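Some notes on the structure that comes next.
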Amino acid sequence: AFGVAPAGAQAPYPNRPITVVVPFAAGGPTDTVTRLVAEAMGRDLNTSVVVENVGGAGGTLGAARVAQARPDGYTLLLHHIGMGTTPSLYRRLSYDAVGGFAPVGLVTEVPMTIIARKDIPAGNLAELVALVRQQREKLNYANAGIGAASHLCGLLFQKAADAPMTTVPYRGTGPAMTDLIGGTVDVMCDQTTNTTEQIRAGAVKVFAVTTPQRLPSLPDVPTTAEAGLPGMEVTIWHALYAPKGTPEAIVNRLSAALQAALRDQRLAARFADLGTAPVAQERATPAAAQAFWQADIAKWRPVIEAAGQYAD
Ligand code: MLT
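Numbered per mature numbering (1 follows the signal peptide of the UniProt record, and there is no 0), the sequence shown spans residues -7 to -1, 1 to 305.
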C-alpha cells in the first residue's frame, strides 16, 4: 500500500543521529560520563550520538522526556541512582518511573567527595562537622534537587553531623560547582567525575571520599571512615535506558555499542583519571541493568518511607 515499505526494506538501525538525554545541566558529572560514552558509542554505531541536557526537578524532567519519547532507539536516557530513588521520593510523576524504560546496560559506579568553598574555616572533616553543628542553617548546601546524588549524599552527611543546613537546589551540580568555586554556597557532596579536577586545582576544599578505600586518583584524600564518619559510604551507579517498547533487537544493538564504548581505552583512561571505571562487560546488558535497577528501587523504598521525605 502507499507509503508502507515492506518489512525487509526498512533502513538498518541506526540510520540517523541518536539523542541521549542527560537529566541534569551541562558540565556536571552525568554530562561528563554521558559525553564520553556517547562519543565512543557513536564510533561503534557509525552515527553521531548527541547529548541533550534536560535538567530540573532532580532528574525527573529528563526521565519523563525519554519515557514519553517514541520507542525507536533514537531517544535514550543516561541516568544515575536517581532511577532507584525517584519512584519512592516522588509521589506524583507524569511517567512510569518503574516500568517506563527498557534498560540497555549499566555504565559505571562513581564515588563521591565531601567538598566546600576553599576558604571555609575547617581543616578536616571533624572540623567541618563541628562548623555545621555550630552554624547549622547559616551554611548553604548545594544540590541538584530531590532525587539527585548530591541530595542523597547531603542527607547522609547532615544525618551524620546531626545538624541541618540550608539547601540550595540547582539544575545540576555543574552550575552548583561554579557557585561553590565562587564562594556563594558553602558545602556540597558531589561525584568525583565533577570534583576531581577542581580539587586538584585547589578551587574547592576536599574533606573525604565516600568509599571504603582511598582513590588512586585522589590518594591524599581520606575516606569518610578515616576522617571520622564511618558508615557514610555511597557510590552512584549509572545506566543507559531506552523507552519501554523499544524493539529488543535495537536494545541489544545499543547494549553491544555500550560494551564497545566501555572497552575503549581512551574512555577507560579518562574514567580512571576522574576516580571511576567502566562496569564489567556482563553488567552492560539489558538483563543485568534491569535486575540491578529493580533491586535498587526495592532497596531504597523502605529507607525513604522511614525518612518520610517526599517530593510532589
Ligand atoms: C549532575 O549531573 O548534575 C549530577 O549527577 C547531579 C546530582 O545528582 O547530584
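A virtual CB, placed ideally from N, CA and C, is assigned to each residue, including glycine.
Small disclaimer: the values here were computed from a predicted structure and weren't measured.
The ligand MLT heavy atom lying under 6 Å from the CB of residue i
| i | result |
| --- | --- |
| residue 23 | yes |
| residue 147 | no |
| residue 159 | no |
| residue 17 | yes |
| residue 141 | yes |
| residue 165 | yes |
| residue 137 | yes |
For residue i, the three-state DSSP class (helix, strand or coil)
| i | result |
| --- | --- |
| residue 214 | coil |
| residue 198 | strand |
| residue 283 | helix |
| residue 228 | strand |
| residue 304 | strand |
| residue 5 | coil |
| residue 299 | helix |
| residue 240 | coil |
| residue 23 | helix |
| residue 251 | helix |
| residue 183 | strand |
| residue 272 | coil |
| residue 40 | coil |
| residue 265 | helix |
| residue 178 | coil |
Beta-carbon contacts of residue i that lie in its chain and below 6 Å, excluding the five residues immediately before and after
| i | result |
| --- | --- |
| residue 349 | Summary: the structure shown does not reach residue 349, with the chain confined to residues -7 through 305, and so no result is reported for it. |
| residue 247 | 97 |
| residue 33 | 254, 257, 260 |
| residue 238 | 64 |
| residue 250 | 34, 37, 38 |
| residue 25 | 186 |
| residue 161 | 133, 135, 178 |
| residue 220 | 118, 201 |
Residues near residue i in its chain [Cβ-Cβ closer than 8 Å; skip 5 each side]
| i | result |
| --- | --- |
| residue 47 | 14, 15, 16, 54, 55, 58 |
| residue 28 | 44 |
| residue 334 | Nothing can be reported for residue 334: it is not among the residues displayed for the chain, which extend from -7 to 305. |
| residue 261 | 255, 270, 271 |
| residue 79 | 51, 52, 53, 56, 86, 90, 140 |
| residue 308 | Outside the displayed range of the chain (-7 to 305) lies residue 308, so it cannot be described from this structure. |
| residue 243 | 6, 65, 66, 235 |
C-beta contact flag for residue i and residue j at 7 Å
| i | j | result |
| --- | --- | --- |
| residue 181 | residue 135 | yes |
| residue 75 | residue 282 | no |
| residue 163 | residue 169 | yes |
| residue 52 | residue 166 | no |
| residue 6 | residue 94 | no |
| residue 202 | residue 188 | no |
| residue 147 | residue 82 | no |
| residue 68 | residue 23 | no |
| residue 132 | residue 158 | yes |
| residue 37 | residue 109 | no |
| residue 185 | residue 278 | no |
| residue 225 | residue 121 | no |
| residue 41 | residue 35 | yes |
| residue 129 | residue 156 | yes |
| residue 60 | residue 88 | yes |
| residue 138 | residue 208 | no |
Contacts around residue i, its chain only, beta-carbon distance under 7 Å, and the 5 residues preceding and following it disregarded
| i | result |
| --- | --- |
| residue 175 | none |
| residue 191 | 170, 174, 197 |
| residue 73 | 23, 142, 229, 230, 231 |
| residue 206 | 216 |
| residue 299 | none |
| residue 286 | 76, 77, 96, 232 |
Below-7 Å beta-carbon distance, residue i vs any chain C residue
| i | result |
| --- | --- |
| residue 180 | Of the protein chains in the structure, only one exists, and it is not chain C. |
Kindly provide the ranges of any beta strand (DSSP E) runs that are 3 or more residues long and lie completely inside the segment 42 to 83, ordered along the chain.
-> Qualifying beta strand (DSSP E) stretches, in chain order: 42 to 46, 68 to 73.
Starting from the N-terminal side, write out each stretch of the alpha helix (DSSP H) that is 4 residues or longer and does not extend beyond the segment 88 to 162.
-> 118 to 128, 142 to 154
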